[in-house]
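Protein chains in written order, with my numbering: chain A, 67 to 295; chain B, 1452 to 2282.
Using N, Cα and C, we set each Cβ at its ideal position, and we do this for glycine too.
Note that the structure is predicted; figures quoted are calculated from it, not measured.
Scroll down for the structure; my scribbles are underneath it.
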Amino acid sequence: MPNILKITGLEKTYNSGSKELTVLKNINFEIQKGETFSIIGPSGSGKTTLLGLCAGLDQPSAGQVELCGQNLSDLNEDQRAQLRNKEVGFIFQNFQLLPTLSALENVSVPLELQGNPQAEAKSKALLEKVGLGSRLDHYPSQLSGGEQQRVALARAFSNAPSILFADEPTGNLDEETGNKVIELLFELNREAGTTLVIISHDLELARKTQHILRLKGGQILTEESSIAH
Amino acid sequence: MAWRDARASRVRLFLFMASIVLGIAAVVSIQLFGTNLKDNIQKQSKALMGADYIIDSDDLPNERAQEIIDSLQPQASEVNFVSMVAFPKNGNTKLVKVRGLEGEFPFYGSIDTEPKSAAEVYQKQGGALVDATLMLQFDIQPGDSIKIGELTLPIAGALKAIPGSTAISTSVAPPVLMPRNLIDQTELIQFGSRKEYQYFFKVSDSLDLEAFEDQIDPQLDAEEADLDTHTSTSQRLGRRYENVGNFLNLAAFIALLLGCIGIASSVHIYIKEKLKSIAVLKCMGASRRQSFIIFLLQIAGIGFIGGLIGSIIGVGLQKLFPIILQEFLPFDVEISIAFAPILMGVILGVLMSVLFALLPLLSTWYVSPLEVLRVTENKLPQPQKARILVFSTILVFLYFFSFWLLDDALYALGFIGGTLVTFSILAGIAIGVMNLIRNYFPKGFGYTTRQSLLNLFRPNNQTVVLVVTIGLGTFLISTLYFTKDILLEKTNVEQSTQNANLILLDIQSDQRDAVAETLTENEAPILDNIPIVTMRVQQINDKTANAIRKDTTSTIRGWVLNHEFRTTYRDQLTDSEEVVKGEWVSTFSEGETVPISISENFAEDAKVGVGDALVFNVQGVLKKTQVKSIRKIDWGALKPNFNILFPSGVLEKAPQFDVITTAVANEEASANLQRDLVAAFPNLTVIDLRQVYSIIEDILNKVSWVINFMAFFSILTGIIVLIGSVRTSKYQRIKESVLLRTLGAKNTQILKISALEYVFLGLLGSLVGIVLALVSSLCLALFVFEQAFVPSWIPFGMFLPGISLLVVLIGLSNIQSVLRSSPLEVLRKEA
């Protein structure tokens, strides 16, 4: 299977006053199309930084990120945004819904940005799929945490992405709601055949993916195939 | 702790502070200027009058009055009247105020002339001092001559200033000074001409002027003369400027109120964002009082600094007022710094910011430490009783402050009521439009347009506050423009020969035919020939004028008894008058009491109605009359109108002179006709309504410049509130933009969303302001000025796009930092 994400010699350093702070060092790995993949590690290990670099949300200090066959270093900000809009889906720990938009409008955003005339119909169908068919016109503030994350799930799948990045998707949810969201995430992922990259410190959740990458101090500790798969 | 916490938010706190700085600066500068003006008037009160006291009379004083004047030994005297003059050098003519002076007037202050020596020598040399602007306008130099009536005089110099006159007061009829002993040679003091006699006195400082006035003035009043001391005149002048000062104060106060609303709104958001920290503090054992005081101290601190900076700016700003108001001031104002207004500025800064921030500050009291454990944002606690208490305190404070500014309980109440209504209407329209957008959301619009509209509803939005601030500034400026238009329209002279645009006054009976001939030669039709008969009120019902003067309980206004009325007689009404009470009687039958018609304002001031009896002294002959009708007169129509109107058949044989109205095609024809008339009939006064119109326009422009200056404070405060709001919502905007970019939005799309949001905000605010101004101006035109209203295009064509563009520019001022923010950084912060 072809690679959907290829990371080569990736490094990220920040200037903190006079000191240079290395957050990621010599990261190399590949993810193939349709795989499920998790990146785990303790707080401060560089998980979120790695996700940002993989999705083109930030620029590496060294090394290369090849996403969907395109070297992100060759693209400018707008081109990277366009690539994300077509190929990438996101789920965040804090849901990151636009507070001024209803559930339906939030899900429609990626499609609206593409100018897709079917945006509303597709978004409605997705919200029904995540069990929120009756709450289309509700605003984020009128939804519970679990419901907000389900809206975020629907939004993540709305543009039929090739790869989906989920950053601590259950971090702000109770165990029961979290489990339901994860079930839904995997179910939607199976149906859509999307490559799934989960960032978590929850080993239980990571074991549900095919591959696990362990990070510590900005470096890869191990890369292994999950026992569950 | 208050200081430590403030350090982290210093930029935002600085912007809160900036919201009140301008308002404070405006209030302090006007207070300081007012104090200086009062001091100057007091110090220069003698120089303002030029004498210790003046006795004046509309006619040559009668025997008794002359006895009193002679016994007081005046050191100087003057006779003045309005007349046409001609400049033989170029044939130009002009309506001026001729002042024939005798004696060493002024005793205080000086006549400022060019050359300087002219003021000293014009009396001895028998020359004239001519208004400097007029000389410039007509290209006249000292040494040229001026023809006043039948007398031609050399011009000794240009008159730049004389005690007691302002640029505005001399714009209609500029002054020309000449020796009084030459006045008779002008042959202008004749029947029918309006004149004023003045006698100037200088007395020793030991004389109690107030007691002297109390003793002499009633005696002079009975003889139709009047006494004015320099103290009473300067008090009157002081009161007049106090009224102007009050208006400016209120305009400044509105700017301050706007700033305070800006503070309240910003502090509301600021505290909302601090709730978590407050909850943490409470978890760690901080009491409610402690957490409240931390933020109270911050707000009081910014109020103090804002008040201090505002006061310092105010000190500098007050130096501008003598320049702005120079056309209206009769003297140069010496500026000094008074401590009280500065202290008031600081106290006002602290009080206003604390009062307006009190409501959001109270939330700190009610925050539960449990908030620490909650993930989602909770609404600010809204304690109902405390809200009502704070609102009432604010209203009471505003009322007392307005009362202190205006010194009138009813006006203060009116101002607070009016301000509340205006603010409520602006806020109501803003909320209404927002609800309209929400309920009838234009779903068919493109994504960027919809997203930008939805941004108006974002959490912690300040849409309503911004619409109110932008709207109020636009409202003030637009109302000014519309009102100016109404006033100008009211005085506009139709440029057709159907309407009179020249009025010829003081035509003696023996001149009537010759004047008519001159008009015919100049192709100027006689539109109206109005006979004028002068008379005074002798008796109202059964009380003589003298008895009324002595009656201290009488509410009849003095001018009714002292004025020499110019009346006319005719058998029909004109289109500028309308009977509102009684019935117009056009004819008179011998043996009956004469039926007359009076104006509304005469009826009100003379306290008479239909059926009341009036006796007029028509140049020695008493005429008994009865009020048969009361007319409403459109005085602004620039037509000859009369307080007292007789029917035909009563006054035909009384000594009279004529007023003729005519129309000429253009300014050149008007100048030619005036030249011919003044050359042949030097006693004639010609009023060119086109010139009057341009003078009124000029005066209105000068007044509106002052008002614009004050409205500018509101606009500027609105801009600062807007900058504060943009800064306050910056993080929210970055978060939204980053999220959109993460989901694939291009920079141009984000830019478009932001720009459109500000376009909506700017358009909504300025449109609401203009529409409100349009409605209030329409009401003013219909109910006060009673005329059709054609709105000026300027508010729509200039203010609407101009202010909207300004809002967009300010809004987008920090868009670069929004666009440059790394998505990861923001998303991580959120996590």
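Please list, in chain order, the chain B residues whose beta carbon lies closer than 7 Å to that of residue i.
i: Gly212/A; result: Neighbours of Gly212/A on chain B: none; closest Cβ ~12 Å, over 7 Å.
i: Glu178/A; result: Tyr1898
Residues of chain A with CB under 9 Å from residue i, in chain order?
i: Glu2187/B; result: Leu164, Pro165 and Thr166
Using a C-beta cutoff of 8 Å, does residue i count as contacting chain B?
i: Gly118/A; result: yes
i: Val175/A; result: yes
i: Phe223/A; result: no
i: Leu262/A; result: no
i: Asn151/A; result: yes
i: Phe252/A; result: no
i: Leu123/A; result: yes
i: Phe103/A; result: no
Residues bridged to residue i by DSSP?
i: Val154/A; result: Ile229/A
i: Gly1551/B; result: Val1530/B and Met1629/B
i: Glu2028/B; result: Ile2084/B
i: Gly2033/B; result: Ser2080/B
i: Asp1507/B; result: Gln1649/B and Asp1677/B
i: Gln98/A; result: Asn69/A
i: Lys1545/B; result: Val1536/B
i: Gln215/A; result: Its beta-bridge partners do not exist; DSSP assigns none.
i: Lys2074/B; result: Phe2067/B
i: Met1986/B; result: Phe2016/B
i: Leu87/A; result: Tyr80/A
In chain order, what residues of the same chain have a beta carbon less than 7 Å from the beta carbon of residue i, not counting five sequence neighbours either side?
i: Ala2282/B; result: Summary for Ala2282/B: the model assigns pLDDT 47, below 50, so the residue's position carries little reliability, and this model does not support an answer.
i: Lys1653/B; result: Ala1502, Asp1503, Gln1526 and Phe1558
i: Ala1967/B; result: Ile1977
i: Leu2225/B; result: Phe1933 and Pro2242
Run down chain A in chain order and give the residues with a C-beta less than 7 Å from the C-beta of residue i.
i: Arg2192/B; result: Ala147
i: Asn2198/B; result: Glu143 and Asp144
i: Gly1696/B; result: Neighbours of Gly1696/B on chain A: none; closest Cβ ~47 Å, over 7 Å.
Leaving out five residues before and five after residue i in sequence, what residues of the same chain have Cβ atoms less than 6 Å from its Cβ?
i: Pro1566/B; result: Gly1608
i: Thr79/A; result: Glu86, Thr88 and Ser127
i: Asp124/A; result: Gly118
i: Phe2132/B; result: Gln1962
i: Pro2083/B; result: Per the sequence presented here, residue 2083/B reads as Lys, with Pro not at that position. Hits under 6 Å: Glu2029, Val2031 and Glu2051.
List the residues of chain A that residue i touches, going by C-beta distances under 8 Å, in chain order.
i: Arg2323/B; result: The structure shown does not extend to residue 2323/B, since chain B is modelled only from 1452 through 2282, so no value can be given for it.
Quick one: what's got a C-beta closer than 8 Å to residue i's C-beta in the same chain, skipping five residues either side?
i: Ile248/A; result: Pro235, Thr236, Leu271 and Lys274
i: Val1572/B; result: Gly1578 and Ala1607
i: Asp1668/B; result: Asp1677 and Leu1678
i: Asn1997/B; result: Ala1673
Counting only beta-carbon atoms, is residue i nearer than 8 Å to chain A?
i: Val1826/B; result: Bear in mind that the predicted position of Val1826/B carries a pLDDT of just 49, short of 50, making it too unreliable to give a figure here.
i: Ser2273/B; result: yes
i: Leu1905/B; result: yes
Assuming residue i and residue j form a contact by the criterion Cβ under 8 Å, report the distance between their Cβ atoms to the nearest whole angstrom.
i: Asn151/A; j: Gly1897/B; result: About 16 Å separates the two Cβ atoms, so there is no contact after all.
i: Pro1792/B; j: Thr1486/B; result: 6 Å
i: Thr1925/B; j: Gly2216/B; result: 7 Å
i: Pro2098/B; j: Thr2038/B; result: 6 Å
i: Ala185/A; j: Leu177/A; result: 4 Å
i: Ile1506/B; j: Tyr1650/B; result: 5 Å
i: Ile1481/B; j: Asn1700/B; result: 5 Å
i: Val173/A; j: Pro227/A; result: With 8 Å as the limit, Val173/A and Pro227/A do not qualify as a contact, their Cβ atoms being about 13 Å apart.
i: Arg1987/B; j: Asn2068/B; result: 5 Å
What residues of chain B sit near residue i, judged by a beta carbon separation below 8 Å?
i: Phe156/A; result: Thr2193 and Leu2194
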